[in-house]
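Chemist: The sequence shown begins at 11 in this note's numbering and counts up one residue at a time.
Quick one: this structure, given as structure tokens, is what I'll be asking you about.
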Amino acid sequence: MPVSPPPPRSRHRPVELRRITANGVELNVAIAGEGPAVLLLHGFPHTWQLWTHVMDALAGRHRVIAPDLRGAGLSTRSDDGYDAATLAADAEALLDALGESSAAVIGIDAGAPPAFLLAMRRPGRVRRLVLMESLLGGLPGAEEFLAHGAPWWFGFHREPGLAESVLTGHEARYVDWFLTEGTLGQGVAPAVRDAFVRAYTGTEALRCAFSYYRALPTSARQIQESVRTGRLTVPAMAIGSHPVGRALEQQLRPVADDLVGHLVEDCGHIIPLHRPQALLGLLEPFLDAAGQTAGGPGRDGRGA
Numbered sequence: 011m012p013v014s015p016p017p018p019r020s021r022h023r024p025v026e027l028r029r030i031t032a033n034g035v036e037l038n039v040a041i042a043g044e045g046p047a048v049l050l051l052h053g054f055p056h057t058w059q060l061w062t063h064v065m066d067a068l069a070g071r072h073r074v075i076a077p078d079l080r081g082a083g084l085s086t087r088s089d090d091g092y093d094a095a096t097l098a099a100d101a102e103a104l105l106d107a108l109g110e111s112s113a114a115v116i117g118i119d120a121g122a123p124p125a126f127l128l129a130m131r132r133p134g135r136v137r138r139l140v141l142m143e144s145l146l147g148g149l150p151g152a153e154e155f156l157a158h159g160a161p162w163w164f165g166f167h168r169e170p171g172l173a174e175s176v177l178t179g180h181e182a183r184y185v186d187w188f189l190t191e192g193t194l195g196q197g198v199a200p201a202v203r204d205a206f207v208r209a210y211t212g213t214e215a216l217r218c219a220f221s222y223y224r225a226l227p228t229s230a231r232q233i234q235e236s237v238r239t240g241r242l243t244v245p246a247m248a249i250g251s252h253p254v255g256r257a258l259e260q261q262l263r264p265v266a267d268d269l270v271g272h273l274v275e276d277c278g279h280i281i282p283l284h285r286p287q288a289l290l291g292l293l294e295p296f297l298d299a300a301g302q303t304a305g306g307p308g309r310d311g312r313g314a
């Protein structure tokens with residue numbers, strides 16, 4: 011099977027793996043580079059290795075911090091705490107533990123709601139916010155995307171105890187389906203694929219993964235309350251591809267003061283692995299913000 015190629019590198023920057031206690035759990039964290047902090051929050055079925063093809067480039071000018079989220083990879087498989095607010099608290103505590111007063115925060119899939127809540131609740135901690143390929147609870151704007159209901163696996167994952175009982179022993183095939191669909195059939199590098207399969211093998215690993223989906227009603231209430239009482243004041247970027255497209259951007263526009271939106275063409279859900287060069291082309295100028303504002307015209311011609 012062909013796989014999405016990594017971007018060319020000018021040089022390899024070492025990645026340090028550390029275990030860091032944050033908000034009562036131990037997080038496995040990959041750290042690379044020096045400079046202003048950039049915090050990367052992955053989704054399902056991923057680990058910090060989701061960012062494999064973009065970390066090196068970002069680490070040329072930033073301190074890149076990529077944790078395995080609570081319950082994922084080598085981080086603590088906690089009994090609870092998979093709602094967006096607790097995950098946002100995990101992220102803030104991680105920044106504290108690393109001595110970072112603020113960071114640019116990038117979240118994709120399940121990592122986007124906690125990134126959003128962190129920016130809403132602690133705007134002084136988030137210099138810039140990038141959200142990709144996710145939805146923010148029941149906020150208006152995603153009606154067209156949800157016209158035929160949520161993706162099939164949402165209901166499967168949300169039923170307590172069901173998915174892990176069915177999938178134990180078949181994890182590799184299940185993870186492979188998401189990786190193939192998420193790259194429009196191209197797949198991902200074998201080392202990355204194998205890391206993801208290891209991370210989601212076993213009943214307990216699956217239980218933690220599906221706890222994110224079981225916490226979705228709680229996360230949705232937290233998001234709704236955040237926009238009821240405030241606005242997103244942090245300069246923000248919404249990036250869509252297939253299948254979410256513009257839905258996330260449309261959810262953000264009514265609540266964001268400073269937003270730019272982009273659509274990555276011919277790209278599956280797993281943007282950092284499928285189209286890393288295109289993603290870096292959007293991230294690097296936005297994060298550097300050298301004489302630019304987040305509300306400037308986007309590459310697709312859409313301004314804030």
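Heads up, the beta-carbon is just placed ideally off N, CA and C, and yes, glycines get one too.
In the structure shown, what three-state DSSP assignment does P282 receive?
Modeler: Helix at P282.
Chemist: Can you find at least 3 beta carbon pairs, one from the stretch 221-234 and one from the stretch 106-117, that sit closer than 8 Å?
Modeler: Result no; under three Cβ-Cβ pairs closer than 8 Å.
Chemist: Taking Cβ positions, are V265 and V136 nearer each other than 8 Å?
Modeler: Result no, Cβ atoms of V265 and V136 do not sit closer than 8 Å.
Chemist: What did DSSP end up calling R19 once you bin it into helix, strand or coil?
Modeler: Confidence at R19 is low in this model, with a pLDDT of 48, below 50, so its placement is unreliable and the value that follows should be read with caution. It is coil, neither helix nor strand.
Chemist: For G250, I'd like the list of residues in its chain whose CB is within less than 8 Å of its CB, leaving aside the five on either flank, ordered along the chain.
Modeler: Correct list, in chain order: M142, E143, R256, A257, L258, E259, G271, H272, L273, V274.
Chemist: Can you tell me which of the three DSSP states G148 falls into?
Modeler: Coil.
Chemist: Note down the Cα distance separating H63 from A199, rounded to an integer number of angstroms.
Modeler: Taking the straight line from one Cα to the other gives about 10 Å.
Chemist: Can you tell me whether A304 is buried or exposed? The criterion is at least 16 other CB atoms within 10 Å of its CB, across all chains shown.
Modeler: Confidence at A304 is low in this model, with a pLDDT of 36, below 50, so its placement is unreliable and no value can be given for it.
Chemist: In this structure, what does DSSP give as the bridge partners for V64?
Modeler: Note: V64 sits in no beta bridge, so no partner.
Chemist: Contact between the stretch 68-84 and the stretch 152-166: three or more CB pairs below 8 Å?
Modeler: Result no; under three Cβ-Cβ pairs closer than 8 Å.
Chemist: By Cβ distance, which residues of its chain are closer than 6 Å to G40, with the 5 residues on each side in sequence left out?
Modeler: Correcting the residue type first, residue 40 is Ala in the shown sequence and not Gly. Excluding sequence neighbours, A40 sits near V25, L27, W58, A76.
Chemist: What do you get for A173, buried or exposed, if any count of 16 or more other CB atoms within 10 angstroms of its CB means buried?
Modeler: The residue in question, A173, is buried, as its Cβ has 16 or more Cβ neighbours within 10 Å.
Chemist: Once the 5 residues before and after D93 are set aside, which same chain residues still bring their CB inside 8 Å of it?
Modeler: Excluding sequence neighbours, D93 sits near A225, T228, S229, Q232.
Chemist: At what residues does the beta strand (DSSP E) containing T31 begin and finish?
Modeler: First-last of the beta strand (DSSP E) with T31: 26-32.
Chemist: List the endpoints of the continuous alpha helix (DSSP H) containing V237.
Modeler: Where V237 is concerned, the enclosing alpha helix (DSSP H) stretches over 226-239.
Chemist: Which same chain residues, not among the five before or five after H167, have their C-beta less than 6 Å away from its C-beta?
Modeler: So the qualifying residues of the chain are A173, F220, Y223.
Chemist: Given that a residue counts as buried once 16 or more other Cβ atoms are within 10 Å of its Cβ, and exposed if not, what is L156?
Modeler: Result: exposed.
Chemist: Based on DSSP bridge pairs, tell me the residues matched to M130.
Modeler: DSSP, once it has assigned bridges, lists no residue as partnering M130.
Chemist: Am I right that S111 and V35 are in contact with their C-beta atoms under 8 Å? What's the rounded C-beta distance?
Modeler: Not quite, the Cβ-Cβ distance comes to about 22 Å (not below 8 Å), so this is no contact.
Chemist: Determine the closest residue to G83 out of A288, L60, S236, H180, with distance taken between C-alpha atoms.
Modeler: Closest option to G83, Cα to Cα, is L60.
Chemist: Starting from the C-beta of R19, find all residues in its chain whose C-beta is less than 7 Å away, skip the five residues before and the five after it, and write them out in chain order.
Modeler: Because the pLDDT at R19 is just 48, under 50, the model does not fix this residue reliably, and the value given afterwards should be weighed accordingly. Correct list, in chain order: D66.
Chemist: I need the straight-line Cα distance from T31 to G91, nearest angstrom please.
Modeler: Roughly 15 Å separates the two Cα atoms.
Chemist: Under a Cβ-count criterion, where at least 16 other Cβ atoms within 10 Å of its own Cβ denotes burial, should S236 be classed as buried or exposed?
Modeler: Buried, since its Cβ has 16 or more Cβ neighbours within 10 Å.
Chemist: Of the residues A152, A103, A107, which one's Cα is nearest the Cα of L128?
Modeler: The candidate whose alpha carbon is nearest that of L128 is A103.
Chemist: Measuring straight from C-alpha to C-alpha, what distance separates L297 and A152?
Modeler: If I take the Cα positions, the gap works out to 27 Å.
Chemist: Please list the terminal residues of the continuous beta strand (DSSP E) segment that includes L373.
Modeler: Residue 373 lies beyond the residue range present for the chain, which begins at 11 and ends at 314; the question has no answer from this structure.
Chemist: DSSP state of L177, grouped into three classes?
Modeler: It is helical.
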